[in-house]
Amino acid sequence: MRRSDGKWFLTRVKRTIYNFKMIVDGDRVAVGISGGKDSAALLYILKQFQRHSPVNFKLEPVYVHLGWPVDLQALQSLTLGLELPLHVEETAIARIVFETRQEKNPCALCANMRRGALHQAALKLNCNKVALGHHLDDAIQTFLLNLIYTGNMDTFKPVTYLDRTDLYMIRPLIQLPEAILSSLAKREKLPLLKNPCPVSGKTKRSEMELLVDELSERYPDLREKWRAALLTSTFWEKQEMIKRDK
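Numbering of the sequence shown is given in my numbering, commencing with residue 8 and proceeding in unit increments.
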């Protein structure tokens, strides 16, 4: 893969989608957008894939509104520029997590509730798949979080079947490092929202992000070697995408 070509990352995403059968004809894909660079880049890349791929599928961008005052103009500008509708799922997650429950470690509960709201929105839109903007750095950080804090060697997979909702969760960016998405968002001037979460940047995941950066300074090819290791391990087995018998 020639990195001199500015679009090399699109080729990698296409291969990820095809190799793991993430998107096929007739799919309706709910794309979780948070307003951050990762989900904005995900939506942008999936739209490019849709325009240039023979696969016939639909994209439905979904923003889970946690309840904080947020100006959605940036998201509206993003989806309008890509000729896609913006679906907003209203919730009271922020109030429940930070006021009612007053969680000292709110991230897990918040993530579970956001995921549930996104899945419900996907079902209302008659989608059969949900796309998330998790990238290679996220996969590495999750592996380290599990290893250091729970003693487990595990990370999320490119495709996961959710039997409770009959949805497939897909991660098309899982082979791309975060820096590529940052560069893409800046180059394409993708509209972004400022993260209103009061614990943003103060989490265990933030610690893992710093750890990965420190290791990468010492071992510059760390991310690529980690990606290769995940691809050849049981973590990313393709059997997850086997269709259920209806």
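Just so it is clear, CB atoms sit at the ideal spot from N, CA and C, and this is done for glycine as well.
Using 10 angstroms around the beta-carbon of residue i, count the other beta-carbons present and answer buried if the total reaches 16, otherwise exposed.
| i | result |
| --- | --- |
| Tyr175 | buried |
| Trp15 | exposed |
| Pro141 | Checking the sequence, you will find His at residue 141 rather than Pro. With 16 or more other Cβ atoms within 10 Å, it is buried. |
| Ser41 | buried |
| Ala124 | buried |
| Lys196 | exposed |
| Lys111 | exposed |
| Thr162 | buried |
| Leu217 | exposed |
| Ala236 | exposed |
| Ala118 | exposed |
| Asp145 | buried |
| Glu185 | buried |
| Arg251 | Note that Arg251 scores 41 on pLDDT, short of 50, meaning its location in the model is unreliable; the coordinates nonetheless yield the value given after this. Arg251 should be labelled exposed. |
| Ser46 | buried |
| Gln109 | exposed |
| Lys232 | exposed |
| Phe27 | buried |
| Leu169 | exposed |
| Lys193 | exposed |
| Arg225 | exposed |
Going by beta carbon distance, what residues of the same chain come within less than 7 Å of residue i, once the five residues before and after it are set aside?
| i | result |
| --- | --- |
| Gly74 | Thr98, Ala99, Ile100, Ala101, Arg102 |
| His72 | Val95, Glu96, Glu97, Thr98 |
| Cys134 | Arg35, Val36, Ala37, Glu67 |
| Ser189 | Lys44 |
| Val210 | Note that residue 210 corresponds to Thr in the displayed sequence, not to Val. For Thr210, where only same-chain residues beyond five positions count, the Cβ hits under 7 Å are Cys114. |
| Leu154 | Met160 |
Kindly indicate which three-state DSSP category residue i falls into: helix, strand or coil?
| i | result |
| --- | --- |
| Lys136 | strand |
| Leu93 | coil |
| His72 | strand |
| Met176 | strand |
| Val62 | coil |
| Gly123 | helix |
| Gly33 | coil |
| Glu267 | With the chain represented from 8 up to 253, any question about residue 267 goes unanswered, as that position is not in the structure. |
| Gly39 | strand |
| Leu169 | strand |
| Met8 | Low per-residue confidence applies at Met8: pLDDT is 37, beneath 50, and the placement is therefore not dependable enough to give any value. |
| Arg251 | Summary for Arg251: the model assigns pLDDT 41, below 50, so the residue's position carries little reliability, and this model does not support an answer. |
By Cβ distance, which residues of its chain are closer than 8 Å to residue i, with the 5 residues on each side in sequence left out?
| i | result |
| --- | --- |
| Phe64 | Ile30, Val31, Asp32, Gly33, Asp34, Arg35, Val36, Gln57 |
| Leu183 | Phe16, Arg19, Val20, His142, Leu143 |
| Val77 | Gly42, Leu200, Pro203 |
Keeping to the same chain, check which residues put their C-beta closer than 6 Å to that of residue i; ignore five residues upstream and five downstream.
| i | result |
| --- | --- |
| Ile24 | Ile30, Pro179 |
| Tyr70 | Ile40, Leu82, Val95 |
| Thr239 | none |
| Leu151 | Met215 |
| Pro198 | Ala81, Ser84, Leu85 |
| Met120 | Ile100 |
| Thr172 | His126 |
Can you find a CB in chain C that lies within less than 9 Å of the CB of residue i?
| i | result |
| --- | --- |
| Asp170 | Absent from the structure: chain C. Only one protein chain is present. |
* Asked: Can at least three beta-carbon pairs, one atom from the region 125–145 and one from the region 28–48, be found at a separation below 8 Å?
  -> Here the region 125–145 makes contact with the region 28–48; the two share three or more CB pairs at distances below 8 Å.
* Asked: With contact counted as at least three CB pairs below 8 Å, one residue from each stretch, are the region 55–71 and the region 143–158 in contact?
  -> The region 55–71 is not in contact with the region 143–158.
* **Segment contact, 8 Å Cβ cut-off, at least three pairs: the region 165–185 with the region 67–87** => The region 165–185, when compared against the region 67–87, does not touch it at the 8 Å Cβ threshold.
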